[in-house]
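Residue numbers (the UniProt record's numbering), protein chains in the order written: chain A, 1 to 402; chain B, 1 to 402.
Virtual Cβ for every residue (Gly too), placed ideally from N, Cα, C.
Notes for the one structure printed next.
2 protein chains.
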Amino acid sequence: MTAPLHDTHAAGPGRALPDTQQGMRRRNLARVLHAVSAEGPLSRAAVASRIGLTRAAVSSLVDELIRSGLLEELGPERPGRVGRPGSALAVSGHGPAGIGAEIGVDHLAVCAVDLRGQVRARAERHVANRGRAPGPVIGELTELVHRVVAEAQGEGLWPAGLAVAVPGLVARDARTVVRAPNLDWHDIDLGALLPSAYPLTVDNEANFGALAELWLGDATPHDFLHVSAEIGIGAALVVAGGLLRGTRGFAGELGHVPVQPEGPLCPCGGRGCLEQYAGEEAVLRAAGLAPGEDRVGLLAGRAADGDEAVRRALREAGAALGVALTGAVNLLDPESVVLGGALSGLAPWLLPALEAELDRRTAGPACPVSVSRLGPEGPLLGAAHSVVRAVLDDPAAVAERA
Amino acid sequence: MTAPLHDTHAAGPGRALPDTQQGMRRRNLARVLHAVSAEGPLSRAAVASRIGLTRAAVSSLVDELIRSGLLEELGPERPGRVGRPGSALAVSGHGPAGIGAEIGVDHLAVCAVDLRGQVRARAERHVANRGRAPGPVIGELTELVHRVVAEAQGEGLWPAGLAVAVPGLVARDARTVVRAPNLDWHDIDLGALLPSAYPLTVDNEANFGALAELWLGDATPHDFLHVSAEIGIGAALVVAGGLLRGTRGFAGELGHVPVQPEGPLCPCGGRGCLEQYAGEEAVLRAAGLAPGEDRVGLLAGRAADGDEAVRRALREAGAALGVALTGAVNLLDPESVVLGGALSGLAPWLLPALEAELDRRTAGPACPVSVSRLGPEGPLLGAAHSVVRAVLDDPAAVAERA
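Written out as structure tokens, the structure is:
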């Protein structure tokens, strides 16, 4: 499974499946599973009325989904209704699980999410990955994956796929890290290093963060620009509920938008890139602090304590973000901008200057900016949920592997 | 017909039509017409083999398209082939025509394009429209439309629709000009001012220019950023062969991307917007020339004559375009950038500085930049062709009106 799983969601349940009798059954399996996932517990009759199929057709589809371990029966519905009591159906809490993983500049994290969207196992390790060779990093990540999979299996779940978020550009093959400057990785085929037991998808952390926001956020629109940051600053563009990936898969490099054409040289080769003003290390430098672990925690703590140098540095970072986002909003006309990832923890000090720049530079009503509720967990959750979404979108494919 | 006609093309011939017996016939009419349009003249048998329908089915569809005046028979094919000679089919040169119109800051233009893509009538008037009320401008444009339609009718064509390119932001209703700063128009419903005899589509000139490039350009990719300019600088993003319009239809405002955050104030409310460095009037100012008509001709003439002040002004404009495009390329990862509209006439002097900025600011291979062969005719041709494309995409809808 080399295609990015989560993109299929943009087309709706099972839309990409072939237009044959068998394809139609696969699409209908997806419609049943999506209906129960979105509104369950539901009886067979309620599913039939929601998706417009006969009760008999739905029963046959439900039976197949129960056999595959994707749906389960909760027992008879409460009495007091007209007719013979039906059994309520729910998405299985013991079937396939999405395994999400995140490679950060100074941490590794893995989690398992069940079909109900619950995180059932999680492991994390703080480790300085910058400049480390990919082999040992992926070795440690694989240990965490095995630990999380074992824990999930102990609860009756089985891994339906592994999705890995990386702080860098990923090729459209969804496994090759083309460039991750803050790890110092170039052209690394993660598919060759990760366990081959599960279908694999590798994607940029900003993309997974945006998908998490789309799927799990509160009333997130279907057209938005998601900005996230660790040391680098990435963005992801969601258009009509799908990711805009660009020709090579490199869209969203907000961190290298020039905000001061003759500003400081950036490792990317440019000058005055946003990252030179609003990246975590640039902010630490401007505040006179040494880089280390938990940079966001340090900055947030000092800012909350009223440290004026830190607050000024964050204001300047917010203003630089506002300039870069003015350009992005002029080009893309999104419905909103969402600040996610590590940035969300600094929002109280970044937002006022960011919004002031956006307001004064925008004719008409400025684009609204909100802060992600998911915060730094976004990319990891987006990765795990992308696997879950793929199961909901084509349950038959999973049943074949079960 | 308020929906933007041309967007339907992104989905392919007739894809948006309903999934019924009648819908299937409408889709098949479109497939026949597209096949003849793309590869004709073709016999019925050749059409059948190209689109995978039986000869009998194709004959019935062809008969309907001939009755509607969309196809015509050229007479028996040349002998020497096996079997009974068939009659070659061609797209009609006497059926519906697309009427394109352009409202420029100092010109009005209208043309009629037949189903074969040939311009069959054209009228243009040089007139200073800046600050003029919409009523008189549209009155003059309507005169030109009537003149072009009469000329087309004299050749046996009839107008299938009118598409109007404007230098401003157009609402998603495809008839309201929300803001055209260089005309000083705000919230003008062109639908109420233009003749109601034809289905109407109003769109931004950069969007029509990009569609012309997509449909008529030499080997244009399906993902590109099209930059065009008159006094304003607009861009249009083509993604997977369709326009990215933005939430309100305002995407592509490259002219208001900040290139010097503390640069000169722009009428949009921003500071240091690209238009302040690379708009035609900014370039004239930097070159010490007075604004007037035919600004591009003046600049190109002086530059060709070796006027160093003009060449320097164009180099600086090219560099500013390079900075703004670096940001756009980082955000969107297009396959290429195409310079169109009036800008294309200045490309020899803009391009070197533009490409130098893009190269030095981009890690890895820079995004290729090309110059549109259509030049300033792009928006007008794109408008007329959008009507022709709508006919090819759903011939049954036109036949109903014929």
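Suppose you measure from the CA of residue 403 of chain B to the CA of A/Q21; what does that come to, to the nearest Å?
A query on residue 403 of chain B cannot be resolved here, the shown segment of chain B reaching from 1 to 402 and no further.
Do you know how far the Cα of B/L325 is from the Cα of B/R373?
20 Å
Under 7 Å from the C-beta of B/P261: neighbouring residues of chain A:
V259, Q260 and V323
For a cutoff of 9 Å on Cβ pairs, would you count B/N129 as touching chain A?
no
B/H226 - DSSP class collapsed to helix/strand/coil:
strand
Close-in-space but distant-in-sequence residues of the same chain around A/L298 (CB under 8 Å, 5 per side omitted)
L284, L289 and G292
By Cβ distance, which residues of its chain are closer than 7 Å to A/Q276, with the 5 residues on each side in sequence left out?
G263, P264, C266 and A282
Cα-Cα separation, A/I51 to A/V387:
24 Å
Under 9 Å between C-beta atoms, does A/D187 make it to chain B?
no
B/P368: first and last residue of the uninterrupted alpha helix (DSSP H) it sits in:
First-last for B/P368: undefined, no H or E at that position.
Spatial distance of A/E155 from A/S92 (CA atoms)
12 Å
In chain order, what residues of the same chain have a beta carbon less than 7 Å from the beta carbon of A/A65, not counting five sequence neighbours either side?
Per the sequence shown, residue 65 of chain A should be read as Leu rather than Ala. L29, V32, L33, L71 and P395.
What residue does the alpha helix (DSSP H) around B/T362 start on, and which one ends it?
No alpha helix (DSSP H) holds B/T362; DSSP gives it neither H nor E.
Taking C-beta pairs closer than 7 Å, name the residues in chain A that B/V239 reaches, listed in chain order.
L244
Does any residue of chain A bring its CB to less than 9 Å from the CB of residue 410 of chain B?
Only positions 1 to 402 of chain B appear in this structure, which leaves residue 410 of chain B out of reach.
Among all the DSSP beta bridges, which residues are the ones paired with A/P159?
A/A97
Does chain A have any CB closer than 9 Å to the CB of B/E335?
yes
For B/V223, return the contacting residues in chain A, with the cut-off set at a CB-CB distance below 7 Å.
One detail in the question is off: residue 223 of chain B reads as Asp in this sequence, not Val. Simply T247.
Any C-beta of chain A sitting closer than 9 Å to the C-beta of B/G269?
yes
Is there at least one Cβ from chain A nearer than 9 Å to B/H226's Cβ?
no
Note down, in chain order, every chain A residue with its Cβ under 7 Å from the Cβ of B/A328.
L331
Do A/A236 and A/A206 have their CB atoms nearer than 9 Å?
yes
For B/P267, the three-state DSSP class (helix, strand or coil):
coil
Cβ-Cβ distance between B/P221 and A/T247 below 9 Å
yes
With a cut-off of 8 Å, do at least 3 Cβ pairs link the region 120 to 129 of chain A to the region 309 to 327 of chain A?
no
Any C-beta of chain A sitting closer than 9 Å to the C-beta of B/L52?
Here the sequence assigns Gly to residue 52 of chain B, which means Leu is not the residue at that position. Judged by the 9 Å Cβ criterion, B/G52 is not in contact with chain A.
Check whether the Cβ atoms of B/I99 and B/V177 sit closer than 9 Å, and answer yes or no.
no
Cβ-Cβ distance between A/N330 and B/V257 below 9 Å:
yes
If you run the structure through DSSP and keep just helix, strand and coil, what is A/G382?
helix
Would you mind working out which of A/E355, A/D173, A/R132 and A/A109 sits nearest A/A165, comparing C-alpha positions?
A/A109
State the beta-bridge partners of B/T201 as determined by DSSP.
B/A163
Please classify B/S196 as buried or exposed, where buried requires at least 16 neighbouring CB atoms within 10 angstroms.
exposed
Inspect the beta-carbon positions of A/I231 and A/L190 and report whether they are closer than 9 Å.
no
Rounded separation between A/A160 and A/L211 - CA only
19 Å
Report yes or no: is there a C-beta of chain B within less than 9 Å of the C-beta of A/L354?
no
Run down chain B in chain order and give the residues with a C-beta less than 8 Å from the C-beta of A/A251.
L331, L332 and D333
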